[in-house]
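Residue numbers (our numbering), protein chains in the order written: chain Y, 1 to 314; chain H, 315 to 628. Glycine is no exception: its CB is placed at the ideal position from the N, C-alpha and C atoms. All remarks here apply to the structure that follows.
Shown next, in the form of structure tokens:
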């Protein structure tokens with residue numbers, strides 16, 4: 001399995017061809033796992049929670065794969081997520097597979113490799129795939145768009161300050177779990193009320209274009225947990241099962257996956273088109289000067305775009 | 315001026331060439347106007363408010379252009395926004411210019427034409443350009459990304475129900491104005507508190523990638539107005555001036571415009587690349603089948619994307 005994932009992560013052209021053949025062969029054996037996305041800022045206790053959840057799931061006869069999407073891994077050379085040393089008990093179990101984030105120069109590349117690794121895990125019989133990410137750039141959006149359910153871990157508020165939440169992330173959450181609730185029960189309760197109220201304000205009339213949950217059948221919920229104390233893991237999983245049952249029951253699960261697959265195809269097409277554009281000699285000759293012209297207000301942005309598009313075709 | 319805008323809106327290739335020359339000639343005379351985006355659901359009172367604001371601004375020696383971004387106009391054949399008959403008093407003033415939404419088959423096209431019309435208005439000496447939009451699809455994002463300040467009009471809550479807000483829109487707002495506040499002062503006050511609290515929850519640690527306001531210098535505010543009674547228009551405009559002064563003072567204004575111009579250039583490049591891709595014979599031959607293969611789970615999305623990208627180059 002590790003070999004297959006390494007092949008998929010290779011950037012060599014001949015490997016890429018083999019990788020595509022492998023993917024196509026694996027595909028019929030994928031898709032039956034539940035894909036769970038988990039995000040939260042550093043320090044929120046993601047590893048501790050995922051380890052507790054993983055051990056709980058193994059006890060209930062699941063096999064669990066943990067993958068990570070960490071765009072910072074290409075900078076640091078190593079990932080801060082999905083690290084086996086952070087999940088010692090889980091990594092010793094043969095029912096678990098933990099893989100750190102692939103390194104790549106951009107989030108699109110990391111996301112692509114993680115999606116493909118997820119398919120390998122599914123073909124290998126892991127029936128719960130957890131994809132974790134840290135709040136960096138657009139990584140939550142990427143993880144949300146490759147999973148069946150997206151969970152945001154939060155800390156209880158310290159004092160009266162509201163919890164910091166990155167723009168756009170709250171709206172992706174199917175479930176918000178306030179971790180370390182035992183440390184400050186009052187703050188955890190306040191956080192739960194505030195987040196519940198904001199989710200209601202944000203979610204009432206979702207835009208069907210980008211809303212991935214239908215409010216009529218699932219309203220994002222907020223629960224309290226303590227990963228360290230091991231409390232709330234069972235309650236958490238029962239929320240996941242409730243969500244899963246609703247999704248499967250009304251066809252949302254299938255629809256979400258189909259939408260994700262098509263969106264991903266077009267995202268990869270867009271990325272490929274843009275890469276070819278940037279590498280075209282005529283574009284490379286024009287881009288620096290036209291960019292400056294646009295920044296200095298000497299050329300309209302749309303005119304600059306048209307000039308370069310024309311240059312690429314000639 | 316109307317002729318220039320009509321030329322810019324033409325889809326004929328020779329017109330497009332003239333239009334680009336015109337744009338480049340006008341560009342040095344543009345950019346000094348204040349660009350104000352206003353959004354809100356139908357019935358919130360946008361026309362009444364914009365008319366009241368426009369008349370107020372004319373009284374204070376401004377010249378006001380009102381443009382509209384309405385993606386639905388291509389469906390209905392006519393725009394529900396920027397309609398002169400809805401702003402009778404304002405449209406009779408020679409210091410005002412009102413233009414309905416251009417019609418186009420997509421939002422990108424509508425947005426492009428509106429951006430270019432904005433430049434014509436600025437070159438013609440209008441020093442406040444108001445771009446209004448209705449909550450359809452991604453139109454708020456488009457308007458927010460072409461204006462210096464984005465205002466969301468809201469209705470006071472009816473009863474205890476929270477106001478419906480489309481996902482992602484609240485986070486674009488530099489200012490939220492609760493209109494028709496006089497009709498239900500208690501509800502307006504509750505709405506103001508709820509929205510203020512949610513904006514704080516959403517905005518504390520903005521992501522510098524997509525946050526267009528720096529929380530350190532401007533925190534989105536919520537005010538009450540009544541466009542019909544004419545109350546709050548002066549207070550509204552003084553908030554705008556406060557925001558503008560802060561933006562200009564710390565260089566945010568210039569930075570926001572430069573970011574907008576570059577983002578717009580790349581958005582137009584992306585749209586152009588995608589259009590050429592879709593029109594390529596090999597892609598047209600492959601796309602329907604590969605789309606089905608991806609939807610049915612027979613082919614990985616990334617493999618399908620690679621196949622078509624390869625086909626386009628051959």
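Of the residues that make up the segment 108-134 of chain Y, which ones have a beta carbon closer than 8 Å to any beta carbon in chain H?
-> Cβ contacts with chain H: 112, 115, 116, 119.
Please confirm if residue 264 of chain Y has its CB atom under 7 Å from at least one CB of chain H.
-> At a cut-off of 7 Å between beta-carbon atoms, residue 264 of chain Y makes contact with chain H.
Does the segment 533-549 of chain H come close enough to the segment 264-275 of chain Y to have 3 or more Cβ pairs within less than 8 Å?
-> Short answer: they don't touch.
Using 8 Å as the threshold, is the segment 330-338 of chain H in touch with the segment 360-380 of chain H, meaning 3 or more CB pairs across them?
-> Flag = no, the segment 330-338 of chain H and the segment 360-380 of chain H do not touch.
With respect to the alpha helix (DSSP H) encompassing residue 38 of chain Y, which residues constitute its N-terminal and C-terminal limits?
-> Careful: residue 38 of chain Y lies outside any alpha helix (DSSP H), inside the beta strand (DSSP E) at 34-40.
How is residue 67 of chain Y classed by DSSP in three states: helix, strand or coil?
-> Three-state result, residue 67 of chain Y: strand.
How many angstroms separate the CA atom of residue 14 of chain Y from the CA atom of residue 624 of chain H?
-> Approximately 14 Å, taken between the alpha carbons.
With a cut-off of 8 Å, do at least 3 Cβ pairs link the segment 412-423 of chain H to the segment 557-572 of chain H?
-> Taking a contact to require three or more Cβ pairs closer than 8 Å, the segment 412-423 of chain H and the segment 557-572 of chain H do not qualify as touching.
What separation, rounded to the nearest whole angstrom, lies between the Cα atoms of residue 164 of chain Y and residue 180 of chain Y?
-> Here residue 164 of chain Y scores only 49 on pLDDT, less than 50, and its place in the model is too uncertain to base an answer on.
Closest by C-alpha distance to residue 559 of chain H, when choosing among H:322, H:323, H:348, H:324 = Answer by Cα proximity: H:348.
Are the beta-carbon atoms belonging to residue 5 of chain Y and residue 111 of chain Y less than 7 Å from one another?
-> For residue 5 of chain Y and residue 111 of chain Y, no; Cβs fall outside 7 Å.
Does residue 268 of chain Y come within less than 7 Å of chain H when only Cβ atoms are used?
-> Cβ-Cβ to chain H under 7 Å: yes for residue 268 of chain Y.
Where residue 228 of chain Y sits in the DSSP three-state scheme | DSSP places residue 228 of chain Y in coil when its eight states are reduced to three.
In terms of residue numbering, what span does the alpha helix (DSSP H) encompassing residue 585 of chain H cover?
-> Residue 585 of chain H: member of the alpha helix (DSSP H) spanning 566-593, first to last residue.
Chain Y contact for residue 264 of chain H (CB, 7 Å cutoff) = No statement about residue 264 of chain H is possible, as the shown extent of chain H runs from 315 to 628 and does not include it.
Pick helix, strand or coil for residue 484 of chain H, following the three-state DSSP scheme.
-> Collapsing the DSSP output to three states places residue 484 of chain H in a helix.
Within 7 Å (strictly less), CB to CB, does residue 208 of chain Y reach chain H?
-> For residue 208 of chain Y, the predicted model reports a pLDDT of 37, less than 50, meaning its position is unreliable and no value from the coordinates is stated.
Name the chain H residues that come within less than 9 Å of residue 32 of chain Y, Cβ to Cβ?
-> The premise fails here: residue 32 of chain Y is roughly 11 Å from chain H at the closest Cβ pair, so nothing lies under 9 Å.
Would you identify the three-state DSSP class for residue 221 of chain Y, choosing helix, strand or coil?
-> DSSP places residue 221 of chain Y in strand when its eight states are reduced to three.
Out of Y:148, Y:229, Y:239, point me to the one whose CA is closest to residue 182 of chain Y's CA.
-> The residue with the shortest Cα to Cα distance from residue 182 of chain Y is Y:229.
Cross-chain neighbours of residue 600 of chain H in chain Y, by beta carbon under 8 Å = What residue 600 of chain H touches in chain Y: nothing, since even the nearest Cβ is about 11 Å away.
Using the DSSP secondary-structure output, state which residues sit across from residue 444 of chain H in a beta bridge.
-> Under DSSP, the beta-bridge partners assigned to residue 444 of chain H are H:350, H:380.
Mind checking if residue 231 of chain Y is an interface residue toward chain H, Cβ cutoff 7 Å exclusive?
-> Look at residue 231 of chain Y: its C-beta is not under 7 Å from any C-beta on chain H.
Could you check what DSSP says for residue 52 of chain Y in three-state terms: helix, strand or coil?
-> Correct three-state label for residue 52 of chain Y: helix.
Taking residue 580 of chain H as the reference, give the member of Y:259, Y:278, Y:296 with the closest Cα.
-> Comparing Cα-Cα distances from residue 580 of chain H to each of Y:259, Y:278, Y:296, the minimum goes to Y:278.
Leaving aside the five residues before and after residue 372 of chain H along the sequence, list all residues of the same chain whose C-beta is less than 7 Å from its C-beta, in chain order.
-> Excluding its 5 nearest sequence neighbours in each direction, residue 372 of chain H has C-beta neighbours in its own chain below 7 Å: 378, 407, 409, 410, listed in chain order.
State the Cα-Cα distance for the pair residue 113 of chain Y and residue 614 of chain H, rounded to the nearest angstrom.
-> Their backbone Cα atoms lie some 12 Å apart in a straight line.
Which bits of chain Y does residue 363 of chain H rub up against, with CB to CB less than 8 Å?
-> Within chain Y, no residue comes near residue 363 of chain H; the closest Cβ sits about 21 Å away, beyond 8 Å.
Of all Cβ atoms in chain H, is any one closer than 7 Å to the Cβ of residue 187 of chain Y?
-> No, its Cβ sits nowhere closer than 7 Å to a Cβ of chain H.
Taking a Cβ distance cut-off of 7 Å, strictly less, list which residues of the segment 611-622 of chain H are near chain Y, in chain order.
-> Listed by position, the residues of the segment 611-622 of chain H near chain Y (Cβ gap below 7 Å) are 611, 612, 613, 614, 615, 616, 617, 618, 619, 620, 622.
Following the continuous alpha helix (DSSP H) through residue 90 of chain Y, name the residue where it begins and the one where it ends.
-> Segment 88-91, the alpha helix (DSSP H) holding residue 90 of chain Y.
Could you pull out every residue in the same chain whose Cβ sits closer than 7 Å to the Cβ of residue 205 of chain Y, ignoring the five residues on either side in sequence?
-> Here the model assigns residue 205 of chain Y a pLDDT of 39, short of 50, so the residue's position is not dependable and the matter cannot be decided.
Would you tell me roughly how many angstroms separate the C-alpha atoms of residue 190 of chain Y and residue 511 of chain H, rounded to the nearest one?
-> Going from the Cα of residue 190 of chain Y to the Cα of residue 511 of chain H covers about 13 Å.
Neighbour flag for residue 572 of chain H against chain Y, beta carbons, 7 Å = Residue 572 of chain H counts as touching chain Y.
Under 9 Å between beta-carbons, which chain H residues line up against residue 141 of chain Y? List them in chain order, please.
-> Residues of chain H passing the Cβ test: none, with the nearest at roughly 10 Å.
Would you mind working out which of H:483, H:321, H:489 sits nearest residue 465 of chain H, comparing C-alpha positions?
-> Residue 465 of chain H has its Cα closest to that of H:489, out of H:483, H:321, H:489.
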